[in-house]
Structures are given as structure tokens and as C-alpha cells.
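Chains A and B, in that order, give the protein sequences.
Every number in my numbering is 239 more than the matching position in the first sequence, counting from 1.
Every number in my numbering is 239 more than the matching position in the second sequence, counting from 1.
For glycine and all other residues, C-beta sits at the position ideal for the given N, C-alpha and C.
These numbers were taken from a predicted model, which means no experiment stands behind them.
Number of protein chains: 2
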Amino acid sequence: MPVSLTSPLLTDLYQLTMIQGYLARDMQAPAVFEFFVRKLPRERNFLVAAGLEQALEYLEGLSFSEEEIDWLRGTGRFRPDLLRWLEKLRFTGSVWAVPEGTVVFQDEPILRVVAPLPQAQLVESRLINLLHFQSLIASKAVRCVLAAPGKLLVDFGMRRAHGAEAALYAARAAWIAGFSGTATVSAGARFGIPVFGTMAHSFVQAHDSETEAFRDFARAQPDNVVLLIDTYDTERAAHKVVRLQRELAAEGIRIRGVRIDSGDLERHAGNVRRILDEGGCGHVTIFSSGSLDEHRLAALLGAGAPIDGFGVGTLLDTSADRPYLDCAYKLEEYAGVPRRKRSEGKATWPGRKQVWRQVRDGLFHHDVLTVQGDPQPGRALLREVMRNGRRLEAPESLEVIRVRLREQLRMLPEPLRGLAPAPPYEVRVSPALQALAEEADRHVRD
Amino acid sequence: MPVSLTSPLLTDLYQLTMIQGYLARDMQAPAVFEFFVRKLPRERNFLVAAGLEQALEYLEGLSFSEEEIDWLRGTGRFRPDLLRWLEKLRFTGSVWAVPEGTVVFQDEPILRVVAPLPQAQLVESRLINLLHFQSLIASKAVRCVLAAPGKLLVDFGMRRAHGAEAALYAARAAWIAGFSGTATVSAGARFGIPVFGTMAHSFVQAHDSETEAFRDFARAQPDNVVLLIDTYDTERAAHKVVRLQRELAAEGIRIRGVRIDSGDLERHAGNVRRILDEGGCGHVTIFSSGSLDEHRLAALLGAGAPIDGFGVGTLLDTSADRPYLDCAYKLEEYAGVPRRKRSEGKATWPGRKQVWRQVRDGLFHHDVLTVQGDPQPGRALLREVMRNGRRLEAPESLEVIRVRLREQLRMLPEPLRGLAPAPPYEVRVSPALQALAEEADRHVRD
Chain A
240 MPVSLTSPLL
250 TDLYQLTMIQ
260 GYLARDMQAP
270 AVFEFFVRKL
280 PRERNFLVAA
290 GLEQALEYLE
300 GLSFSEEEID
310 WLRGTGRFRP
320 DLLRWLEKLR
330 FTGSVWAVPE
340 GTVVFQDEPI
350 LRVVAPLPQA
360 QLVESRLINL
370 LHFQSLIASK
380 AVRCVLAAPG
390 KLLVDFGMRR
400 AHGAEAALYA
410 ARAAWIAGFS
420 GTATVSAGAR
430 FGIPVFGTMA
440 HSFVQAHDSE
450 TEAFRDFARA
460 QPDNVVLLID
470 TYDTERAAHK
480 VVRLQRELAA
490 EGIRIRGVRI
500 DSGDLERHAG
510 NVRRILDEGG
520 CGHVTIFSSG
530 SLDEHRLAAL
540 LGAGAPIDGF
550 GVGTLLDTSA
560 DRPYLDCAYK
570 LEEYAGVPRR
580 KRSEGKATWP
590 GRKQVWRQVR
600 DGLFHHDVLT
610 VQGDPQPGRA
620 LLREVMRNGR
630 RLEAPESLEV
640 IRVRLREQLR
650 MLPEPLRGLA
660 PAPPYEVRVS
670 PALQALAEEA
680 DRHVRD
Chain B
240 MPVSLTSPLL
250 TDLYQLTMIQ
260 GYLARDMQAP
270 AVFEFFVRKL
280 PRERNFLVAA
290 GLEQALEYLE
300 GLSFSEEEID
310 WLRGTGRFRP
320 DLLRWLEKLR
330 FTGSVWAVPE
340 GTVVFQDEPI
350 LRVVAPLPQA
360 QLVESRLINL
370 LHFQSLIASK
380 AVRCVLAAPG
390 KLLVDFGMRR
400 AHGAEAALYA
410 ARAAWIAGFS
420 GTATVSAGAR
430 FGIPVFGTMA
440 HSFVQAHDSE
450 TEAFRDFARA
460 QPDNVVLLID
470 TYDTERAAHK
480 VVRLQRELAA
490 EGIRIRGVRI
500 DSGDLERHAG
510 NVRRILDEGG
520 CGHVTIFSSG
530 SLDEHRLAAL
540 LGAGAPIDGF
550 GVGTLLDTSA
560 DRPYLDCAYK
570 LEEYAGVPRR
580 KRSEGKATWP
590 GRKQVWRQVR
600 DGLFHHDVLT
610 VQGDPQPGRA
620 LLREVMRNGR
630 RLEAPESLEV
640 IRVRLREQLR
650 MLPEPLRGLA
660 PAPPYEVRVS
670 PALQALAEEA
680 DRHVRD
């Protein structure tokens, strides 16, 4: 049957079969689940929380259509009481979360759900799906921002992002991280993110002459003339740009920039800069793209390549060096009793947790992970954002989120800002939380 | 504004600005674009084409809503003639493509669009987005299938797939590649793919005793009892399963399987198999999951681990070892003249192309890449699937696609079937195509 991409059927089957089990025993007491990243990948010294807005939208809008219920019934796998429960389902729980744009580390809850067990269980798969992806991309994009301070950075990744939603949310996450904008038009429409664009090789190829292509493009877009100069021979094309600028000056058209998308970007950018400057085109900026990531940006700028802006595409939108985070959404308490799993290498901290961040001399010094209601020095990161299924505040603007992250980046200790793997930031586990873990283990009977 | 995920605004801005340029010069002659992978990654010895069905759906349904046009107008960036053109837009071109489930190699067109230049240009970003992702995942999944012949393989990746569409289409691509099914319910609803599920750690944790959790689950799902046994201690849990099976036998309930999700899977599976067999539970199968990919499957099975099935999740749905393909959608002909770009390291073959595959002794021997209308020995891979914007055939069933791939896998030479990098499969470029490339280069004037 036709299913919308964001249907509540976008979940793992076991959520439904487990709920059937919970309903059979009337296990509907409050459950506490927390979403967190177990371990930071070697390629990331810190993470940026993102995707909360979409997670809250999902929870607010959660409901099954008649058609979806009918399909479930038709599979013959589900009991009538489950179907009735799904029919009436609305999310009625509370959510605590760190605000988007917050720097987070291993084991720190990014979001907590407190809701009747079957509800809190059902939403697991999609909450992870939403929070994981945007946090993944924001955490990658911020490295580009740190590697190329002050440069124009544009998300170019839509075409090789993993599907429609990835493209849209990657643009959002990159913007949160400090990118200047995106090439993806729908991200402009949906989120108000600035949209950038130049031209493709096909535009040049469709013309019989490169100069003619440049001239046509400039006249059709006189306010935003950025010309792609590597279709045939980059340096020759730069000379054409110089000649064309002289011609177009008479029409009042100013060429704004050129883009180089292939070859040795450092060498080409140097040559092109010289050709442009010698030709009186000092105002024309150089924009580059093609297999870029934070390491290439750092290398190009470190070598002094005269590049003013970068289109970062595939390697950003797929987070190519590490396309996933080791994250989890785990039951930490049920019916007032703390819980945790002890699976090898995957043990978790039980209970409702809070993170306290201590700042010294204007820099993050360490965090303390503890149970809620155990105040520590510093600032608490999680706050209540939804109660009884209703948001407590209007959605944050993306601008507020961007500024939050920008301010936190200033407080990030130097080794964590770098691209090389740094010693992990210290996240201390409080005595109260350690005691709770022991208590949780005592509760388990055979 | 609210924008649907699959809005035609899901495109790169430069498509719209280029079309503005094309319209200004009335460049609306037929253009030929082809989608192909330039170079196979080291981690893949062959690729599997997938996503054609979604590409054709997209082309058939392409149109802008009034609201979308209004938004574009409101940006102030676009001329009235472009907006009028978009308002009336329907895709009226032809499409040639290799059928889904076809094994393909470097430089071989997977899809060709022939349409008035602005149309063929506009659809670039989303066509790549659709074809790239499913081909990426099918090409990863098929390696798992080859590594674990005859085993039950289930896509478990929804939660860490990159968004909603990635989750849904990864399930489809894995099914095409020969997986047994998916855990993603909406993929079952949308595509009729078999859906599998067990239980999560939270189900065990929510109970005060593991045995009680197993018993509750079994009674709620008597037809599909698969118990997760690694929440606390895997071997102890296996003993509980044995005792529980004796108890449940009286109720006519048969435990179907156990799942192990952490620790040393080889060791645990061996221990668990022994405990089950000694306890009279020889019928209980062992299913495992947790950071699996084709290499782990091969290692586990190579070591003789008694595992009957695998849940393959994150590393599949993100194609983690290579989360993107070096693919492109390039202009190959405009207004009857062959075109190509010569950018360093990115030169392409011009013209409308066909691929001929030659089989010897039941195995793929080599392919010939040539211009259309230059028949070669063997079988031609591309066929016309859409004309004047209408499909020429009903959509293929997924079963047909699966069988196609299965048959092709039998014809794959041995080194290409392995997980280790093999010497590239031979794709010969015909003299006719080489001559056309020279002709294309001669056409370019300054």
C-alpha cells in the first residue's frame, strides 16, 4: 500500500510485538528511556546534538491512520488489543533534552523520554533515526567550520545524501554547525537556510563555446555570476573570464566568482588567482568543490591556497569517514525501579540522569554525569521540553541554535578543536550514579 | 513553509539558475544525460543497479504546486519566464535503463534521459539521489548474501539509516540483493517485503526477572518466539531457555530461536548451541546481530560458528565501509552533437551508449561499451523504459528483480564474488565510441 515516508509504521517490528507483550501483562507504568552515544568515534573529539526539533514534531504528531491499522490487522500477526491501543495512540509523555547545538560527549543523555512503557518503547526506532542522523552531520560539519574559519562553506551534498530526508536534514545540521548555507532548494523553503548555486559542467557543454556559455549565464543571472571554469582547461577558462569581465563591464555586470571542481585545487587556485589579479579581476572570488572534507580544507588553507569558499558535498552529507555513531536509546527505569543492561561491552548507566558542565577560565573543564536531583557545580545541560505530550516552549529558531554552538566552540579546549584525535574529554560519573547502578543490578532476579 | 520530503524543490539551486539561462537563449533542443559510476570503490568488485522504479515514479509525478511556485517567486531570484515554465512542467522525455538487479561496472550507463535540455537538467539532482542510494545499498547487501549463502539475513538498519527514506529504500535494496527480509514495518507495508522481529533488551529489563520476560514474550507471541539472551549473561540465559521450553511445551509453545547481540559471537554461539542441544532444544535456532557486515559474517561462518541467521544493521544501511559511490549524471549529447567534459580525472565518454555483455562458459567474460546502434556479440543491457514521459511497461515486481540478480550472481566470475578486492572486470571501449569522443572534443570552440 502507499505509505508516507514518515508513517508511524516506520519502526522496527519488534516494537509492536513487545508492546503486545506489555499489554498482555498490563505493563503500562512509566518507563524512562535515554538516548546517548556510548563511545565517540576516533574521528570525532566531540559531538553536536541536533535533531531535537524533528524528534518533538514526531512525538507531537504521532498517530496511526485507519489505513495503517487495517494493514497491520491484515498481516494477521497482531492481537485486537494491540490494534485498539494503536488506534487511540497519542504520545502523552515528557521529554527532557539538551538543546540543539550543544556540545556533548560519551554517555551523556541527549534526550530522555518518560512515558507509559508501550509508548516509550514504540518511539525508539524513529527517535534514534532522527537524532542520530542530524547529530552525526552536525558533528562532521562543525569540523569543516573549525578547519576553515571565516570561509564561505556551502552544503553541496544533496545528490549523494542517503535519500530525500537525509538531504534536507543534512542541510539543516550543517547550517546549525556554522555553514553559510546549502545548495538544496527545499532546505531553503523549509528552514529558511540561505541557498547558494553556481552552474554545472552540462551548462558549459551544452554550448559550443565556453565563453558563450559564460556570457549567457552572466546575462541570465547578472546578480550572481559564478562561473565553473574546469570543464576543459582551468587556466585557459580563467583567461576567458578576464576577457569576458571587460566585455560585460559595459553592461554593468560584475562577475562575482569562479568555481574549480577538479584537479589539483591548490595549484589551479594559485594560477587562477594570478590570472584574475593580473587581468584586473581582483574582485572575483575563487570557490572550490570536489571531494572536500575538513582534512582537505585544512590542507588547502594550510598550504596558502587562495580559495575564498568551499562546496562540501558527499563527504559531509554521508559523514563519510564515520557514517554512523554508536548511539542507543535504553531503558533506564521502569515503574520506579532503576534498570540497566550489562551486555558485554554495552553496559549502560541506569536512572534519570543529568549532565553538569564545569567551565574554568572560559573553557570546558569536565562534565559530571549523575542522577537527576544531585546538583553539581557548573551548568545542567538537560531541561524539560515536553510534558504530557505538549511542548513547553515554542520551537527554537535556527539562529538561536547556531549562536549557542558558536559560543560553545569558543569554550572548547584546544586539543578538542583540532582534527587529530585528542585525549577524551573527562566525563566523571558521580558516586550517586555508581550507587544507583549497583542497586539496579541487585534488582535482577533469575 | 511546510515542504514535502519529495517536493520537486528537492534539487540543487543551480538547476534552476541554469534553466533560466537555457530559457533565455531558447536552448530547448533534446539533451542526452547518462547516469553511471565512474570508478568502482576498492571495496566493491561489482555493483548492483537499483532504484529505477523510484526514479521512474519521480519522473512521472514531476510537477510543481502553486505553493512551491509562489515560494520561488517570493525569493526574488527567478524570472517570470522560468516560473511559468515550472508551472507547466511535466516530464516528456524518454528513459533507457538497465533493469534493476543487473550487475554493472565502471563507466556503464545505468540510466539515460533524453529530453528537452531544461527538463533533463532539472531532474539531475533527485535522479542521482534515488539511483545512487539504492545501488549503493544493493551493492553492499549482495556481499553479505555471497558471504553467508543459505543463511537467514535480515535488514536491521532502520534506526541508524540516514533518515526515513534511507531506511525504507535500504530495506528494498537489501531485499533485491537477496536478503530474507527486514525489521522495518513500513517496508513491509509499502513493498510487501517479509518483516522480521524479535525483542529488545528493554523488554527483558522492564521485567524483574529474565525468565519472566521470556515467558511473557512467548505467551504473547506463541507463533514467533525468538528470545534475546544477552542482556545479563548469555550462557545463563540459554539455560533459562532450556528450562522454559520444558515448561512451555505443556502449553504447546515451541521456542523458535534465540538472539545474541553482543560479546564474542563465535564463542557464545558455540556455548549456547551446546546448552540448547544438551537440553533437548535442538530445534531452537541461533540468530545473531551487533555490528555485523559481510566480513564478520564470513569470519563467523568460516570459524564454524553455529549461527543460523543474522541481523545486519548499521553497517549495511549506511554502507559503512564506503558510504557513497563515485557516480555522475553527465550531458553526453545536445542538439544532436556529442558532448563530454574533460576535467582532470573526470573525463567522460560522450553520446548515447549501450553496454554489451559477453558470456563464455556460463560466466561473464567482458563487456563492451559502445555507441547505441553498434551491435556487439552478447546481450545489450540498456532498454527503453519510458517514452514521451510514459512508462512502456508496468513496474517490475521485486520478485522478478531478485531472480534476475540471483541468476546473474551465478554468472559472476569467482574472483569478483569474493570479498577481497579483485582485478577489475574488463569493460572494453569500442572503436566507434573512441571516435565519437574525438569528434566531441573537436566541437568545442573557445
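In this model, M257 of chain A and T553 of chain A are separated by some 38 Å (Cα to Cα).
Taking a C-beta distance under 7 Å as the contact criterion, S441 of chain B and L252 of chain A do not qualify as a contact pair. Taking a 10 Å sphere around the C-beta of G550 of chain A, we find 16 or more other C-beta atoms and assign the residue as buried.
Going by C-alpha positions, E307 of chain A is about 58 Å away from V511 of chain A.
Taking one beta carbon from each stretch, the region 477 to 486 of chain A and the region 419 to 427 of chain A have fewer than 3 pairs nearer than 8 Å; the two do not touch. At least 7 Å separates the CB of R591 of chain A from every CB of chain B. Assigned with DSSP and collapsed to three states, C520 of chain A falls in coil, not helix or strand.
H604 of chain A sits in a strand when the DSSP states are folded into three classes. Neighbourhood of E583 of chain B in chain A, by CB distance below 7 Å: S501 and G502, in chain order.
H522 of chain B has a beta carbon lying at 7 Å or more from every beta carbon in chain A. For a cut-off of 8 Å, the C-beta gap from R493 of chain A to H522 of chain A is around 7 Å, short enough to register as a contact. Residues of the region 432 to 444 of chain A with a C-beta less than 7 Å from any C-beta of chain B: V434, F435, G436, T437, M438, A439, H440, S441, F442 and Q444, listed in chain order. Within the region 365 to 382 of chain B, the residues whose Cβ lies closer than 7 Å to some Cβ of chain A are I367, N368, H371 and F372, listed in chain order. Excluding the 5 residues flanking it on each side, G300 of chain A has no same chain C-beta neighbour closer than 6 Å. Within the model, the alpha-carbon separation for R283 of chain A versus I367 of chain A is close to 19 Å. It is roughly 8 Å from the alpha-carbon of E363 of chain A to the alpha-carbon of T250 of chain A. Chain B places no beta carbon closer than 7 Å to that of K327 of chain A, leaving this residue out of the contacts. In the structure shown, the three-state DSSP call for F456 of chain A is helix. Here S636 of chain B is exposed: its Cβ has fewer than 16 other Cβ atoms, across all protein chains shown, within 10 Å. Within the region 300 to 312 of chain B, contact with chain A at the beta-carbon level (separation under 9 Å) is assigned to E307, W310 and L311. Per the Cβ contact rule, the region 313 to 320 of chain A is not in contact with the region 334 to 344 of chain A (fewer than 3 Cβ pairs under 8 Å).
No Cβ-Cβ contact shorter than 7 Å links Y664 of chain A with F274 of chain A. Nearest to E646 of chain B by C-alpha distance, out of B:L602, B:P616, B:A542 and B:P269, is B:L602.
For S527 of chain B, the three-state secondary structure derived from DSSP is strand. Within the same chain, Cβ atoms closer than 7 Å to the Cβ of E533 of chain A are found at R382, C383, A386 and L658, the five residues on either side in sequence being excluded. Setting aside the 5 residues that flank it on each side, D469 of chain B is surrounded in the same chain by I499, D500 and S501, each with a C-beta closer than 6 Å to its C-beta; the list follows chain order. For D516 of chain B, same chain residues with a beta-carbon under 8 Å away, outside a window of 5 residues either side, do not exist. Residue range L637 to R649 is occupied by the alpha helix (DSSP H) that includes V639 of chain B, with no beta strand (DSSP E) assigned at that position. The C-alpha of L672 of chain A lies about 10 Å from the C-alpha of V607 of chain A. For G548 of chain B, the enclosing beta strand (DSSP E) covers residues G548 to V551.
In the assembly as shown, V642 of chain B is an exposed residue. Its beta-carbon has fewer than 16 other beta-carbons within 10 Å. The DSSP-derived three-state label of R513 of chain A is helix. Here A336 of chain B is actually not in contact with L655 of chain B; their C-beta atoms are around 22 Å apart, not less than 8 Å. At the C-beta level, S448 of chain A and R535 of chain B stay beyond 7 Å of one another. Counting only Cβ-Cβ distances below 7 Å, R684 of chain A has contacts in chain B at D447 and S448, in chain order. Across the region 414 to 425 of chain A, CB contacts with chain B closer than 8 Å involve A422, T423, V424 and S425, in sequence order along the chain.
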